[in-house]
Amino acid sequence: MTDDHSARHNGKSFAEWQKDWEMEERYNFRTIEHKWQKIWEDEKTYKVEIDKNKEKFYVLVEFPYPSGAGLHVGHPRSYTALDVVARKKRMQGYNVLYPMGFDAFGLPAENYAIKTGVHPAVSTRANIENFTRQLKSIGFSFDWDRAISTCDPEYYKWTQWMFIKFFEKGLAYKDKIAINWCPSCKVGLANEEVVNGCCERCGAEVVRKNKEQWMIAITKYADRLINDLDGLDFIDRVKTQQINWIGRSEGAELDFGLTDAAGAPLADKKLTVYTTRPDTAFGVTYMVLAPEHKYVSELENLFENKEEIRAYVEAAAKKSELQRTMDDSKTGVELKGIKAKNPYNGELIPVFISDYVLTGYGTGAIMAVPAHDQRDYDFAKAFNLPIVQVLEGGDISEQAWEEDGAHVNSGFLNGLNKEDGMKAAIDYAVENNFGRAKVNFKLRDWVFSRQRYWGEPIPMVYCEHCGWQPVPESELPLKLPEVPDYLPNDEGESPLAKAADWVNTTCPKCGGKARRETDVMPNWAGSSWYFLRYCDPHNDKEFASKEALDYWMNVDWYNGGMEHTTLHLLYSRFWHKFLYDLGLVPTKEPYNKRTSHGMILASNGEKMSKSRGNVINPDDIVSSYGADTFRMYEMFIGPFDQVAMWSDESLMGVYRFVNKIYGLMKKTAPVAPSAADLRAMHKCILEVSERIDQMRFNTAVSSLMTYVNYLSALAEIPEELYLTLLKLVSPFAPHLAEEMWARMGKDSLIVTESWPVGDPKLAEENTVTIAVQICGKMRGTIEMPKDAPQAEAEAKALALENVVRQLSGRPVKKIIVVPNRIINIVA
RNA sequence: GCGCUUGUGGCGGAACUGGUAGACGCUGCAGACUUAAAAUCUGUUGGAGGCAACUCCGUGCCGGUUCGAUUCCGGCCUAGCGCACCA
């Protein structure tokens, strides 16, 4: 803290300021904003420490990827909104943690390096500096001492440490799975790097390729990720989107025996399928395997049409993801030489392969019930297979009947409804030892390997003798090595494979020759636990101390984009639960409340993008109108959770409003407020407080405008009214509020002042305007003292000239009264 | 196809648990100040009719519940986002 507080008001008295007014035509936001940003920085105004005497409040916004383009106007929308929340909470006496950092690993820096040769660490550092400068220029109340960056070895040391925990607990494993492969870039792509089935970078169509990948078993947590949403204050669409994404379904696994063409059973060969409708098993007329199913190669010797099958499998593998999902016509090949035996009715049915069956879901094989599944129906029609109706309803000659109906043609299930049929079918399967109830999820395990450079090295070593071994904790962080270039090689190996000195190492277990893993982690890794690091960012012994976690966790309010709902938000909830299971964090969920902001579009409703040339740079707005106007406008632009369109005209309106607040000071005077003055003030306090809590920032600003309009109309503004205005404005326009607070002769910082408390009694009007309706149609209004006797109000309403004319002698049937609001005469 | 969200003046948007639709801001129009313009200030601004008092219409469309519906219910339509052959 500086000792000379008078520096804040430049040593001038209030009277001197008022005299100087004529000199200052217009509010000089540049000087004012620089001045206060420097004071906040010098005094570390927003630095927080654990203080057990105060209740904590942890406000979090998603940290940005520091791109070369800098901030766009979308970022500050949520940063400002939560800054408003943080500032208000601080003034309400909470110990507020509002941190910021950088999600700094990622593709753009690496692509930039491939193009220019500039090391990603260098360009990233420059970008972080630029972002920091921009964020500071907008006046956010972040505790900059806690800033972190995921690409900092001191940070990713712990990301790697946690990966090893996943490995130790058996949740990180290596598996050969089909990944998205760009044949032109010769690189594996993450799902999020595939746009409409094409490579995001070069536009080539993406194909599937089997590759060994590190996987993390998020599916083990699927049930808990759904169930634990229950107690959380997340906006509904986030909850439903996560639930749909996890995609829990209940059904059964059924084993179908396999036979050769003559019907002789193949020993030990069972075809297991997953179905949500085991009760329709009497309608099964054929089976389908995914082309990648293990039996396709395992049983090859039995097939009579080997060539045809091989050709189909190859074609399916070559098919792009795009072709495979877009093309809903059904193709396939029968596996001639084998049959399946339906365990419910003993029928022998043909077995096909087709790419409409997915390898990653269920068992990669289905029992086809063409009468009651449209996809099976289409396939049956294409291959001329029988269609047996087992549920009543619909017209099977036209299309599949996918609704419910009583069971028919179904042996012991006949006549049962869906619920009873399901139970009977599963019971029968269990008794006869060919099936079991089974819950399935759409959620897949998390593909955790990227054949890239700019990410956290996966801290694993492969030894011929000992298999995969984690790097010892004492060797963490395992730092990224220098490489000659950042391009992946022809086998699709990560650029790290080129750093031979780094790759060749010794086995931590046996000391023999070993090779390091050369894939790196996805950029979702570092962001999965960053909110924990903010609690204790400089700790070099632990990722965060127990004391810090106990005090600061959970995040009380977390805001971020809807696009992260099924990625970052889900991953981080999972990651946190894993740490909870290890006893490393105190809570089973990380975030108490989750909200989401809408995007900001260009004024014509288009997305802002470099190629369209319609991007608005916050720097320009800040330098032309000031940070306070920019912040206030971003809050006023529209409902926070919905898309909004940028408008220069509306920005001007807010600029005028901010100037008005500045200009009002010269009308302040040491006079006592009237009852009407207090009413306006308390109304504003109540509205602004409530609307900030409810995330309705646009109407909070409206309330401030209404109050300012009231003050403008006064000849003299009682000081109390203006000082209260400054406090209410301070979360939105902190620089101006501090400046005017100082000019009003205050030595304190307004951020350390207490938030005003509204008194509903004082905010109440003492006369009310009551609408008078006849049969619900407005016919006039009457002025009454608040809570006047009902009879008086009714009499006055009935006496209204227009009411008498409209009624024209009709008898009044009844009168409905809503006290202080409405008198509705039913005639 | 499935899930979610949205639809209100010339524009962005208000309206609490069903109770005076259009707060607040922008734009437009008229006026004040100015030699003039900018800036600022004042008034006005959903549509139609009327000198006026007032009246009629009006919250995507059709219907329903209600004394009363932007709000609740049923059925459609539009736009946006997400997922997508999930058995």
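When we follow this note's numbering, the leftmost residue of the first sequence carries the number 218, and every step to the right adds one.
Heads up, the beta-carbon is just placed ideally off N, CA and C, and yes, glycines get one too.
Query	Result
Helix, strand or coil at residue 890 [DSSP, three-state]	coil
Candidates 817, 955, 994, of which the one nearest residue 289 by Cα	817
7 Å CB neighbourhood of residue 566 in its chain, flanking five on each side removed	501, 502, 503, 504, 556, 557, 559
Beta-bridge partners of residue 392, as assigned by DSSP	430
Complete runs of the alpha helix (DSSP H) confined to the stretch 654 to 741 [at least 4 residues]	717 to 720
Where the alpha helix (DSSP H) through residue 852 begins and ends	844 to 853
Beta-carbon proximity of residue 601 to residue 554, cut-off 9 Å	no
Buried/exposed call for residue 1028, threshold 16 Cβ in 10 Å	exposed
Between the CA atoms of residue 384 and residue 687 - distance to the nearest angstrom	8 Å
Where residue 603 sits in the DSSP three-state scheme	coil
Through-space distance from residue 837 to residue 822, alpha-carbon basis	21 Å
Contact check, residue 733 vs residue 704, beta carbons under 9 Å	no
Where residue 447 sits in the DSSP three-state scheme	coil
Presumed contact (8 Å Cβ cut-off) between residue 445 and residue 805, rounded CB distance	6 Å
CB-CB length for residue 760 against residue 848, believed under 8 Å	Not quite, the Cβ-Cβ distance comes to about 33 Å (not below 8 Å), so this is no contact.
Option nearest residue 420 by Cα separation, candidates 401, 608, 985	401
Closest Cα partner of residue 286 within the set 439, 830, 668, 1037	830
Assigned secondary structure, residue 1003 (DSSP; H/G/I helix, E/B strand, else coil)	coil
Spatial distance of residue 541 from residue 323 (CA atoms)	29 Å
Member of 253, 333, 369 whose CA lies at the smallest distance from the CA of residue 345	369
Coarse secondary structure for residue 467, derived from DSSP in three states	strand
Burial state of residue 599, where buried means 16 or more other Cβ atoms lie within 10 Å	exposed
Nearest candidate by alpha-carbon position, reference residue 462, set 442, 964, 683, 547	442
contact_flag[the stretch 287 to 306, the stretch 349 to 364] where n(CB pairs < 8 Å) is 3 or more	yes
Local conformation of residue 841 per DSSP, three classes	helix
Residue from 626, 475, 1010, 588 whose Cα sits closest to the Cα of residue 569	475
Alpha carbon of residue 639 to alpha carbon of residue 329, nearest angstrom	57 Å
Residue nearest to residue 467 in terms of C-alpha spacing, selected from 819, 748, 826, 654	654
Three-state secondary structure (DSSP) of residue 965	coil
Where residue 273 falls: helix, strand or coil (DSSP)	strand
Straight-line Cα distance separating residue 778 from residue 435	22 Å
Supposed close pair residue 274, residue 311 - CB separation, criterion 8 Å	4 Å
Nearest residue (CA-CA) to residue 894, options 886, 935, 880	935
According to DSSP, residues forming a beta bridge with residue 194	The requested residue 194 is not part of the displayed model; the chain covers only 218 to 1044.
Segments of 4+ residues assigned as alpha helix (DSSP H) that fall wholly inside the stretch 578 to 656	591 to 600, 635 to 648
Endpoints, beta strand (DSSP E) assigned at residue 569	565 to 570
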